[in-house]
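All remarks here apply to the structure that follows.
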Amino acid sequence: MKRYDLIVVGAGPSGLSAAIEGAKRGLQVVVFDENEKPGGQLFKQIHKFFGSKEHKAKIRGFVIGEQLLKEASELGVKVVLNATVTGLYMDKELVVKIADTIYHYKGDAILIATGAAENMVTFEGWTLPGVIGAGAAQTMMNLHGVKPGNRILMLGSGNVGLVVSFQLLQCGCEVAALVDAAPRVGGYGIHAAKVARCGVPFYLSHTIVKAEGEECVTGVTIAEVDKKFQFIPGTEKHFDVDTICLAVGLSPMSQLLKIAGCEMEDNPKRGGQVPICNEYGETSIKGIFVAGDVSGVEEASSAMIEGRIAGIAAAQYLGYIGIEELEEKFEENKAALEGLRQGMFAPENRGKLIERTEEGIPVSMNLLTKGYIAEDEIERYPGVTHRAGIHPVMECSQNIPCNPCQDACPRHCIQIGSHITSLPVVDESAQCVGCGLCVAACSGQAIFLVQEDYEPGYGTVTIPYEFLPLPQKGEKGYGLDRSGQRVCEAQVMEVKTAKTFDHTNLLTIRVPVDMVGKARFYRKSC
Amino acid sequence: MQHINDRAIAPGTFIPEPDDNRIICRCEEVTKGEIRRAVHEGMYTITEIRRYLRTGMGLCQGQTCARLVKGIVAKELGISPAELIPATSRAPMRPVEMKVLAKEEGRHV
């Protein structure tokens with residue numbers, strides 16, 4: 000039996016963050032992960048993260064994963080892959096299956112960071128090949144380079160459903176519809192808007208009646224549901240699809256903690272069976288810690304902070320640091336965590352209808368039901384302004400903790416202020432130079448550069464563009480509005496790519512002047 | 000939350016439903032109807048259901064169906080799923096071949 004100061008189970012965002020903090024304080028740390036690649040869900044996240052600098056905002060998830068791995072390895076953390084922890088016993092003994100052998104380890108402290116597993120819903124035909132979890136689709140696309148299907152229906156409008164739908168589009172799939180039994184879009188409006196302007200129709204208050212096909216999925220029927228989630232007869236809609244993705248929530252994978260005898264609770268707000276733990280993530284068994292989704296389903300940014308706290312707490316538990324250092328670091332991390340848990344999507348607001356922003360502006364109801372802000376709603380947001388010359392238009396309409404746009408502008412045209420969830424405001428006195436750094440910096444792809452007076456009768460719109468192949472300069476195509484409908488002819492005036500844009504390309508299209516407020520996407524053919 | 004282990008609950012008579020033949024536990028091919036019927040036959044806890052029908056005992060170890068089975072049993076008993084004692088977790092957490100289990104302690108990594 001081999002002994003380590005700290006044994007971490009799960010090499011995802013929280014596990015690696017904990018390992019780093021432990022190793023920094025002199026602990027000998029090993030991380031086991033059952034997968035062949037480390038990083039947990041991080042390596043599947045190809046989009047830019049939200050938050051502020053301290054939360055690694057505007058960095059793509061997989062890059063954060065690479066950074067964490069590098070830091071861990073520099074600190075001497077051993078990451079063992081294809082290593083399945085099959086049991087956690089008395090006195091912190093772990094049984095690990097590596098290749099075809101069973102090994103025994105003992106940790107003076109243990110951190111369980113096993114994450115969560117996807118939930119399923121059942122309907123007629125749900126066991127047909129072609130019905131997959133949204134996370135599975137993401138694994139196929141982003142880890143293995145395999146296209147999950149050609150025509151896909153997505154069930155679930157939370158951030159997972161929205162983000163994966165967009166990634167499916169990026170991967171060249173057609174998303175036939177985005178469906179959710181809830182009456183309102185559950186995820187960030189900006190994620191919904193990205194998907195909607197590509198022409199994906201949203202069906203809220205709808206769910207799947209049945210998956211069709213004999214050997215595999217060949218189609219799907221959805222129908223509207225009433226307030227009690229009962230199907231309304233006569234509202235059925237059919238789609239020819241070969242794949243159905245389910246993004247209906249996650250459940251913590253907390254079995255190891257139960258095996259170990261940690262006190263557990265069934266807490267629907269945290270996603271299911273979770274350990275009872277203190278503010279440092281320590282469970283009812285001294286020296287066994289938890290962090291990330293296994294202790295309550297949230298997202299990667301908060302998982303990293305929880306991991307840091309638990310790693311530092313483990314160091315204190317083992318006597319490598321004093322209580323003062325733990326308390327001081329805890330306060331810092333707690334502030335960062337609270338920063339992420341603010342705004343409309345804060346945990347306490349889950350499921351609630353919020354009708355006004357913190358600024359008192361009515362929330363776009365069209366965004367919540369159709370996935371995009373309607374024409375008659377867009378002008379109410381402070382980021383949407385009109386002026387001569389090129390200027391940013393920020394279609395950021397919900398209070399989410401995110402602020403990279405204000406740091407991106409070299410001319411300080413964009414202000415969010417000290418309150419991280421505030422909507423971005425344009426400083427009318429600052430002169431935009433049209434550099435496009437804000438467009439590329441916005442993790443939600445919600446900033447556009449607009450020039451209404453480009454030439455007589457025409458204006459330009461610069462849109463963030465993350466699809467390949469890139470359109471060619473001079474190419475003619477069509478401008479699509481926020482709902483993905485073709486509204487005008489458009490010509491590509493410029494395609495900008497730069498290292499600082501980090502793969503968010505800037506596409507400048509010329510459109511009739513009355514379309515500069517409408518055209519938000521470009522397609523060569525419709 | 001109070002856990003239910005009340006043998007006095009009377010779930011009433013079993014009334015067939017149109018989707019009773021829908022498979023819920025894919026690994027062990029157990030249908031919704033079988034789970035519902037088991038409740039009427041006196042299996043009120045997840046442990047009993049598991050031993051009676053083998054739900055959640057297959058390859059995925061209930062990763063997919065545990066939540067679904069719990070929902071069906073709770074509904075049949077007219078209680079909230081949170082009131083049901085969850086299934087016991089046991090090692091090995093993941094399926095391990097017997098020949099591997101028998102091959103302990105190689106060279107440490």
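Line by line, the protein sequences give chains A and B. Here the first sequence is numbered in numbering that gives the first Met the number 0, starting from 0 and rising by one per residue. Here the second sequence is numbered in numbering that gives the first Met the number 0, starting from 0 and rising by one per residue. By construction, the Cβ of each residue, glycine as well, lies at the ideal position given by its N, Cα and C atoms. This structure is a prediction, so every number in the text was calculated from the model and none was measured.
Problem set entry | For A:Ala210: DSSP bridge partner residues | A:Val219
Problem set entry | Test: A:Ile101 CB closer than 9 angstroms to a CB of chain B | yes
Exercise. Which one or two residues does DSSP pair with A:Arg509 in a beta bridge?
Worked result: Beta-bridge pairing by DSSP links A:Arg509 to A:Thr459 and A:Gln490.
For this session: Put B:Gly55 into one of helix, strand or coil per three-state DSSP.
Result: coil
Problem set entry | DSSP-derived helix/strand/coil call for A:Cys437 | In the structure shown, A:Cys437 sits in a helix (DSSP, three-state: H, G or I).
Exercise. Just how far apart, CA to CA, sit A:Asp452 and A:Glu493?
Worked result: 17 angstroms
Exercise. Comparing alpha-carbon positions, which option in A:Lys23, A:Ile207, A:Arg481 and A:Arg2 lies nearest A:Phe447?
Worked result: For the residues A:Lys23, A:Ile207, A:Arg481 and A:Arg2, the minimum Cα distance to A:Phe447 belongs to A:Arg481.
Exercise. Out of curiosity, what's the CA-to-CA distance linking A:Asn402 and A:Ser51?
Worked result: 6 angstroms
Problem set entry | Cβ-based contacts, 8 angstroms cut-off: residues of the stretch 11 to 33 of chain B near chain A | Asp18, Arg21, Ile22, Ile23, Arg25 and Lys31
Problem set entry | Opposing strand residues paired with A:Val79 [DSSP bridges] | A:Phe31
Problem set entry | Cross-chain neighbours of B:Leu67 in chain A, by beta carbon under 7 angstroms | Met119 and Thr121
Exercise. Within the 9 angstroms Cβ cut-off, does A:Lys96 reach chain B?
Worked result: yes
Exercise. Are the CB atoms of A:Met252 and A:Gly114 nearer to each other than 9 angstroms?
Worked result: yes
For this session: Go through the stretch 155 to 185 of chain A residue by residue and report every complete run of the alpha helix (DSSP H) that reaches 4 residues or more, in order.
Result: 158 to 169
Exercise. When burial is assigned at 16 or more other CB atoms within 10 Å of the CB, is A:Val145 buried or exposed?
Worked result: exposed
Exercise. Using a Cβ cut-off of 7 angstroms, which residues of the stretch 86 to 102 of chain B contact any Cβ in chain A, in chain order?
Worked result: Residues Ser88, Arg89, Ala90, Pro91, Met92, Arg93, Val95, Val99, Leu100 and Lys102.
Exercise. Within the 9 angstroms Cβ cut-off, does B:Glu40 reach chain A?
Worked result: no
Exercise. Around the C-beta of A:Ile322, are 16 or more other C-beta atoms found within 10 angstroms, so that it is buried, or is it exposed?
Worked result: exposed
For this session: Output the residue ranges of the alpha helix (DSSP H) runs that lie fully inside the stretch 374 to 458 of chain A and measure 4 residues or longer, sorted by chain position.
Result: 374 to 377, 403 to 407 and 436 to 440
Exercise. Counting Cβ pairs, one atom from each stretch, are 3 or more of them under 8 angstroms apart for the stretch 492 to 510 of chain A and the stretch 21 to 34 of chain B?
Worked result: no
Exercise. What residues from chain A crowd round B:Thr63, counting only those whose CB sits closer than 7 angstroms?
Worked result: Met119
Problem set entry | Where the alpha helix (DSSP H) through A:Tyr316 begins and ends | Ala299 to Tyr316
For this session: Within its chain, find whatever has a CB closer than 7 angstroms to the CB of A:Tyr319; leave out the 5 residues flanking it on each side and keep chain order.
Result: Arg24, Gly25 and Leu26
Exercise. If we call anything under 9 angstroms between Cβ atoms a contact, is A:Cys431 one with A:Pro463?
Worked result: no
Problem set entry | Every unbroken alpha helix (DSSP H) inside the stretch 322 to 360 of chain A [4 residues or more] | 322 to 339
For this session: Write down the C-beta distance between A:Gly291 and A:Pro12 rounded to the nearest angstrom, noting that I regard them as a contact closer than 8 angstroms.
Result: 7 angstroms
Exercise. Which same chain residues, not among the five before or five after A:Gly38, have their C-beta less than 6 angstroms away from its C-beta?
Worked result: Closer than 6 angstroms at Cβ, skipping near neighbours: Gly64.
For this session: Mind checking which residues open and close the beta strand (DSSP E) that includes A:Gly134?
Result: A:Gly134 -> not in any beta strand (DSSP E); alpha helix (DSSP H) instead, spanning Ala133 to Gln137.
For this session: Report the rounded CA-to-CA distance for A:Ser28 versus A:Ser164, giving the unit in angstroms.
Result: This sequence places Val at residue 28 of chain A; Ser is not what is there. Going from the Cα of A:Val28 to the Cα of A:Ser164 covers about 37 angstroms.
For this session: Measure from the C-beta of B:Glu75 to each C-beta in chain D and report whether the shortest distance is under 9 angstroms.
Result: No chain D appears in this structure, whose protein chains are A and B.
For this session: Could you tell me which residues DSSP puts in a beta bridge with A:Ser250?
Result: A:Ala116
Exercise. Under a CB-based cut-off of 9 angstroms, is A:Pro267 close to chain B?
Worked result: yes
Exercise. If you drop the 5 nearest sequence neighbours on each side, which residues of the same chain put their C-beta closer than 7 angstroms to that of A:Gly433?
Worked result: Hits under 7 angstroms: Ile389 and Leu448.
For this session: Output the residue ranges of the beta strand (DSSP E) runs that lie fully inside the stretch 52 to 114 of chain A and measure 3 residues or longer, sorted by chain position.
Result: 77 to 79, 82 to 88, 92 to 97 and 100 to 111
Exercise. Taking Cβ to Cβ, would you say A:Gly9 is nearer than 9 angstroms to A:Val76?
Worked result: One thing to note: A:Gly9 has its Cβ no nearer than 9 angstroms to the Cβ of A:Val76.
Exercise. Shorter than 9 angstroms from the beta carbon of A:Met0 to some beta carbon of chain B?
Worked result: yes
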